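For the sequence shown, position 283 matches number 287 in our numbering, and the numbering has no gaps at all. Cβ coordinates follow ideal geometry from the N, Cα and C atoms, glycine included. No experiment lies behind these values; they were computed from the predicted model shown. Working notes for the structure below.
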Amino acid sequence: MKTTVSRIAGHATDLFVDGAWRKPASGRYFASYDPSTGAPWYEAADGGEEDVDAAVNAATQALQDAAWNAITPTRRGGLMHRLAALIDDNKEDLAQMETRDNGKIIGETRAQTGYLPDYFNYFAGMADKIHGEVLPINKTGMLNFTMREPVGVVGVIVPWNSPLSILATALAPCLAVGNTVVAKPSEHTSASALALAELCMEAGFPAGVVNVVSGYGESAGHALSRHPGVAKIAFTGGTDTGRKIASNAAANLTPCTLELGGKSPHVIFDDADLERAVNGVVAGIFAAAGQTCVAGSRCFVHESIYDRMVDRVAARARAIRIGRPEDPNTQLGPLALQSQLEKVQRYVQYGLDQGATLAAGGGRPPIKGNGWYFQPTVFSAARNDMKIARDEIFGPVVCMISFRDEADLIAQANDSVYGLAAGVWTRDIDRALRFARAVDAGTVWVNTYRSASFVSPAGGFKWSGYGKHNGFEAVREYTRVKSVVIDHSGLGRDAFVIQLK
Ligand code: TXE
5 MKTTVSRIAG
15 HATDLFVDGA
25 WRKPASGRYF
35 ASYDPSTGAP
45 WYEAADGGEE
55 DVDAAVNAAT
65 QALQDAAWNA
75 ITPTRRGGLM
85 HRLAALIDDN
95 KEDLAQMETR
105 DNGKIIGETR
115 AQTGYLPDYF
125 NYFAGMADKI
135 HGEVLPINKT
145 GMLNFTMREP
155 VGVVGVIVPW
165 NSPLSILATA
175 LAPCLAVGNT
185 VVAKPSEHTS
195 ASALALAELC
205 MEAGFPAGVV
215 NVVSGYGESA
225 GHALSRHPGV
235 AKIAFTGGTD
245 TGRKIASNAA
255 ANLTPCTLEL
265 GGKSPHVIFD
275 DADLERAVNG
285 VVAGIFAAAG
295 QTCVAGSRCF
305 VHESIYDRMV
315 DRVAARARAI
325 RIGRPEDPNT
335 QLGPLALQSQ
345 LEKVQRYVQY
355 GLDQGATLAA
365 GGGRPPIKGN
375 GWYFQPTVFS
385 AARNDMKIAR
395 DEIFGPVVCM
405 ISFRDEADLI
415 AQANDSVYGL
425 AAGVWTRDID
435 RALRFARAVD
445 AGTVWVNTYR
455 SASFVSPAGG
465 FKWSGYGKHN
475 GFEAVREYTR
485 VKSVVIDHSG
495 LGRDAFVIQL
505 K
């Protein structure tokens, strides 16, 4: 079976374990829905504990197999370069698949799948540049060096908002350092992970190095997070789920990288280039229909320009072209899940109940059919203590909040359980740097927003999680350090005394 859009539409997909398609032990399949129509478009295998066990065993076996562990790092990098080329060859189909599966507009999924080859090439280049160190040990006649080793089997639990890109943030560094992977895609978006696993096989990765077990969080995800054969969990998703996964993993003392929710402050000072700032705010919240962890959902505006900025952001929001996600002219597609649509609707009502005012949107757009569309929504007169400003809505809803001065701004910006990202628009570099130092956020953008790069470490603080994606920080996440101490002095030392000299 080849996992292309045309092959899977109307069919059932299986699990990918040990280099082959495998039926789920349960024998069950569940529907995956097209958010632009609300109709099912394929069925994914309902994997569970037994399937996860088989996948972890295959991944463990692959780790012990010379076909993977004795390959030179340069050749490992070569396999990844080949994978990058295959992704490049298939990027249009992968983009169509993502758009169909989670409703993200085609312009965005094309940008994402177009970026993936570079993502894999970057980590491919790292494969043979990861090394330990020789340390100046404080003992005579001894040599101390470190080795940086793969951690082992990595369980990657992926959400539905950017399925392929988020899987790649763990898969690329994991492969570069020689780990093996069991991926559990979201039950809402399984297709692209299966397609990527297939491309890994085509690139020449040995069987068992990359495995994909589709299924529900409470069954397949739960089993993966508590499996004793898993050496590390990489999870992206909601904070509540992150807590469950971390506590499951704690039973085996399995370390986690957790990329969780956010409620990112996006700040406009009165000295900013306002045209660029408005662009940044609009793109920062309405791209991906607000379903990104770094969405700039709390927009803080200096009180002297507050009314003007609300008008400008609202006018831009009203002008956004809402439509079918596969239409290249569409700027805002549907939400990925019906439950997300319902969540957004609930939050709009909370905002109104607590006294915020709708400056734009707030309802369903007049689009025919049963797609899960919602208008780009701008709340004015919002306060940081309102529910709409405290909880992650994960939809196209921005709270416009005014601030008096820098001290007031920092107090409000940091008054959140989250700490994922922040943005600031100002022409004053000192002010930008003061903000960057003071704000609780893993990434701070100045006069730009959502500028992601594979070199730039990304990950949150507080309830936004811990651990980093991208750059060398990702290599640290997926390797372990071993220290080797050698006595080459030829001296007879007292066997019962720790050697302090
Ligand atoms: O995601 P979940 P949900 C936020 C966003 C959203 C909320 C809930 O606010 O409204 O989370 O979304 C798997 N053990 N983000 O419920 O549950 C699940 O199968 C193991 C932020 O859809 O976090 C899927 O593969 N795994 C975000 C993955 O976890 C479990 C992206 C994510 O699902 C599990 C998505 C369990 N008990 C949502 N329960 C971001 N940071 O980008 C679920 N899963």
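Inset, instruction - Helix, strand or coil for Y220, going by three-state DSSP, please let me know. - result: coil
Legend entry - For T240, the first and last residue of its enclosing beta strand (DSSP E): 236-240
Inset, instruction - Look at the alpha carbon of M5 and the alpha carbon of A24, and state the distance between them as a whole number of angstroms. - result: In this predicted model, M5 has a pLDDT of only 46, less than 50, meaning its place in the structure is not dependable; the value taken from the coordinates is given anyway. For M5 and A24, the gap between their C-alpha atoms comes out near 10 angstroms.
Legend entry - DSSP bridge partner residues for N148 (one or two, in chain order): N148 is bridged to L139, V489.
Legend entry - F398 beta carbon near ligand 2 (any heavy atom closer than 6 angstroms): No copy of ligand 2 occurs in the structure displayed; its ligands are ligand 1 alone.
Inset, instruction - Grab the span of the alpha helix (DSSP H) containing V352 for me, first residue to last. - result: 342-357
Inset, instruction - Confirm the yes/no value for this check: CB of G241, any heavy atom of ligand 1, distance under 6 angstroms. - result: yes
Legend entry - Separation of S229 from I490, as counted between CA atoms: 37 angstroms
Legend entry - CA-to-CA distance, V234 to V214, given in whole angstroms: Spanning the two alpha carbons is a distance of roughly 14 angstroms.
Inset, instruction - Would you list the one or two residues that DSSP bridges to S406? - result: V305
Inset, instruction - Quick one: residues in its chain with C-beta nearer than 7 angstroms to the C-beta of H135, no 5 flanking neighbours on either side, listed in chain order? - result: Sequence-distant Cβ neighbours of H135 in its own chain, meaning closer than 7 angstroms and more than five residues away, are R152.
Inset, instruction - Give me the Cα-Cα distance between P77 and D132, rounded to the nearest whole angstrom. - result: 5 angstroms
Inset, instruction - Classify Q335 as buried or exposed, calling it buried when 16 or more other Cβ atoms lie within 10 Å of its own Cβ. - result: With 16 or more other Cβ atoms within 10 Å, it is buried.
Legend entry - Rounded C-alpha distance that separates T296 from L147: 48 angstroms
Inset, instruction - Please specify which runs of the alpha helix (DSSP H), each continuous and at least 4 residues long, are wholly inside the stretch 218-297, giving them in chain order. - result: 226-229, 243-254, 278-290
Legend entry - Inter-stretch contact (C-beta, 8 angstroms, three-pair minimum) for the stretch 89-97 and the stretch 114-130: Pairwise C-beta distances place the stretch 89-97 in contact with the stretch 114-130, as three or more of them are shorter than 8 angstroms.
Legend entry - Assigned exposure category for P44 - 16 Cβ within 10 Å defines buried: exposed
Legend entry - Nonlocal neighbours in the same chain, by C-beta distance under 6 angstroms from G182, ignoring five residues either side: Within the same chain, and ignoring the five residues on either side of G182 in sequence, the residues whose Cβ sits closer than 6 angstroms to its Cβ are P154.
Inset, instruction - Return the chain-ordered list of same chain residues with a C-beta closer than 7 angstroms to the C-beta of S190, the five sequence neighbours on each side being excluded. - result: V162, P163, W164, P167
Legend entry - F439 beta carbon less than 7 angstroms from that of V428: yes
Legend entry - F500 burial status per 10 Å Cβ neighbour count (16 or more: buried): Result: exposed.
Legend entry - Straight-line Cα distance separating K391 from A71: Computed Cα separation, rounded: 53 angstroms.
Inset, instruction - Pull up the DSSP beta-bridge partners for S384, would you. - result: T361
Inset, instruction - Could you name the residues of the same chain whose beta carbon sits closer than 7 angstroms to that of L203, not counting the 5 residues immediately before and after it, in chain order? - result: L87, L90, I91, N94
Legend entry - R11 in three-state terms, based on DSSP: If DSSP states are grouped into helix, strand and coil, R11 belongs with the helices.
Legend entry - Distance between W376 and Q342 (C-alpha atoms, nearest Å): 6 angstroms
Inset, instruction - Could you tell me whether the stretch 44-62 touches the stretch 208-228, where touching means 3 or more Cβ pairs closer than 8 angstroms? - result: The stretch 44-62 is in contact with the stretch 208-228.
Legend entry - Buried/exposed call for S10, threshold 16 Cβ in 10 Å: exposed
Legend entry - Host alpha helix (DSSP H) of A211 (start-end): Where A211 is concerned, there is no enclosing alpha helix (DSSP H), given that its DSSP letter is neither H nor E.
Inset, instruction - Examine ligand 1 and report whether any of its heavy atoms sits within less than 6 angstroms of the Cβ of N165. - result: The nearest non-hydrogen atom of ligand 1 is less than 6 angstroms from the C-beta of N165.
Inset, instruction - Within its chain, find whatever has a CB closer than 8 angstroms to the CB of R368; leave out the 5 residues flanking it on each side and keep chain order. - result: Y377, F378, Q379
Legend entry - Residue(s) in a DSSP beta bridge with V21: A24
Inset, instruction - Provide the residue span of the alpha helix (DSSP H) that contains W72, from first to last. - result: 70-73
Inset, instruction - Give, in chain order, every unbroken run of the alpha helix (DSSP H) that is at least 4 residues long and sits entirely within the stretch 448-477. - result: none
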